[in-house]
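Each residue of the sequence shown is one higher than the one before, starting from 9 at the first, in the numbering used here. All remarks here apply to the structure that follows.
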Amino acid sequence: MPDTPTHSIDTATGKEAEADISSTRVKKIFTDIAWKYERFNLCSSFGQYRSWLRKLIDLAPITPETLMLDVAGGTGDVTFTACERKRPGAVILSDYTPAMLEVAQARLDAGENQGVPVELCVVDGQDIHCDDDQFDVITMSYGIRNMPKREQALSEMYRVLKPGGALCVLEFSTPPNPVMKAGYDLYRKVGLPFWGKLITGDASGFVYLGKSISAFPNQQGFAKMLENAGFERVEWHNVTFGVAAIHIAYKARS
Numbered sequence: 009m010p011d012t013p014t015h016s017i018d019t020a021t022g023k024e025a026e027a028d029i030s031s032t033r034v035k036k037i038f039t040d041i042a043w044k045y046e047r048f049n050l051c052s053s054f055g056q057y058r059s060w061l062r063k064l065i066d067l068a069p070i071t072p073e074t075l076m077l078d079v080a081g082g083t084g085d086v087t088f089t090a091c092e093r094k095r096p097g098a099v100i101l102s103d104y105t106p107a108m109l110e111v112a113q114a115r116l117d118a119g120e121n122q123g124v125p126v127e128l129c130v131v132d133g134q135d136i137h138c139d140d141d142q143f144d145v146i147t148m149s150y151g152i153r154n155m156p157k158r159e160q161a162l163s164e165m166y167r168v169l170k171p172g173g174a175l176c177v178l179e180f181s182t183p184p185n186p187v188m189k190a191g192y193d194l195y196r197k198v199g200l201p202f203w204g205k206l207i208t209g210d211a212s213g214f215v216y217l218g219k220s221i222s223a224f225p226n227q228q229g230f231a232k233m234l235e236n237a238g239f240e241r242v243e244w245h246n247v248t249f250g251v252a253a254i255h256i257a258y259k260a261r262s
């Protein structure tokens, strides 16, 4: 595996910048919206995000013996979808923002884990304090885009995966159809802040959201990042015309 890169970017622009600029911004945004995050996702995606989550889990090689790490797991959407559809052996649900995990804890208390053992941990996905070769599957939705040290994060996830283990990522992407892309660009600039203002009373975090999506690599670009981090058998599956994409990548078996 290549040496771990150390450079960082401003996740709103993709330009080189100190990591603290983005990390501080992201933690504030998600702390402020934690209890309204699910409602925003539902409204802003016109209900599509739930089908995206189901497809992510359906594509992930999860079995009843799987030890799963959910990176940037937020309020638990990926974890609880996995518990419902595939019942992994155990899950560590992690996030950088404690307020998001408070919502996940409430959902856990309500039984959304379906009896699957779930542990909540505050974890920076760019610095995962876990042993090498520990997890069978790592999941992540809408997380890598908000990390200023993306190459380092991918290197960390590669490290803690078992040989042959899978990284399964759902992230906003770029529609390949030019007409769809143009409409999506407009929606990112106008629609996302509108929904954010309507649901949370503050549009500023959602202006950032639109900018960060625009600055994130397209499907091919992110696949190349995964390959550069050492992953193999990299594939992606577009959802809703490529508005988002699910990437599946594997750690080498030896």
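Glycine included, each C-beta is placed from N, C-alpha and C at the ideal position.
On the DSSP letters alone, give me the boundaries of the alpha helix (DSSP H) that residue i sits inside.
i, result
"W60", "Q56 to L67"
"S52", "Y45 to S52"
State the start and end residues of the unbroken beta strand (DSSP E) segment that holds residue i.
i, result
"M188", "No beta strand (DSSP E) holds M188; the alpha helix (DSSP H) holding it covers P186 to L194."
"A174", "L169 to F180"
"D78", "L75 to V79"
"A257", "A252 to Y258"
"D103", "A98 to D103"
"R241", "E240 to V247"
"E127", "V126 to V130"
Around the C-beta of residue i, are 16 or more other C-beta atoms found within 10 angstroms, so that it is buried, or is it exposed?
i, result
"G209", "exposed"
"P171", "exposed"
"P96", "buried"
"F230", "buried"
"R158", "buried"
"A174", "buried"
"G119", "exposed"
"D103", "buried"
"E179", "buried"
"K259", "buried"
"V34", "buried"
Do you know offhand how far residue i's Cα is from residue j's?
i, j, result
"A114", "G82", "12 Å"
"P72", "K94", "7 Å"
"A211", "R153", "19 Å"
"C129", "R167", "18 Å"
"G191", "N226", "16 Å"
"V111", "L101", "12 Å"
"D18", "S222", "12 Å"
"G1", "A25", "Within the shown structure, residues of the chain are numbered from 9 to 262, placing residue 1 beyond reach of any answer."
"L67", "G218", "27 Å"
"N246", "G123", "31 Å"
"Y216", "Y150", "13 Å"
"P184", "T248", "11 Å"
"M108", "H255", "24 Å"
"L162", "A253", "17 Å"
"H121", "C91", "The question names His, but residue 121 in the sequence shown is Asn. Their backbone Cα atoms lie some 5 Å apart in a straight line."
"K44", "A20", "22 Å"
If you run the structure through DSSP and keep just helix, strand and coil, what is residue i?
i, result
"K23", "coil"
"D139", "coil"
"M155", "coil"
"R115", "helix"
"S212", "helix"
"N226", "coil"
"T83", "coil"
"S31", "helix"
"S16", "coil"
"T147", "strand"
"P183", "coil"
"S262", "coil"
"T39", "helix"
Among the options, which one has its Cα closest to the Cα of residue i?
i, options, result
"M165", "T19, G238, I29 and T74", "G238"
"V242", "F249, M233, I65 and P96", "M233"
"R261", "H15, D141, K63 and D28", "D141"
"V145", "G151, D117, V99 and C138", "V99"
"L75", "I207, L194, D135 and F143", "F143"
"I70", "V198, G204 and T89", "T89"
"C138", "V79, P201, V251 and H15", "V79"
"A42", "G84, K23 and K63", "G84"
"F38", "G213, W244 and L194", "G213"
"S31", "D135, W244 and C176", "D135"
"M148", "L200, L194 and L61", "L61"
Tell me whether residue i, by its Cβ, gets closer than 7 Å to a heavy atom of the ligand MN.
i, result
"N121", "With respect to the ligand MN, the structure shown offers nothing to examine, as it has no ligands at all."
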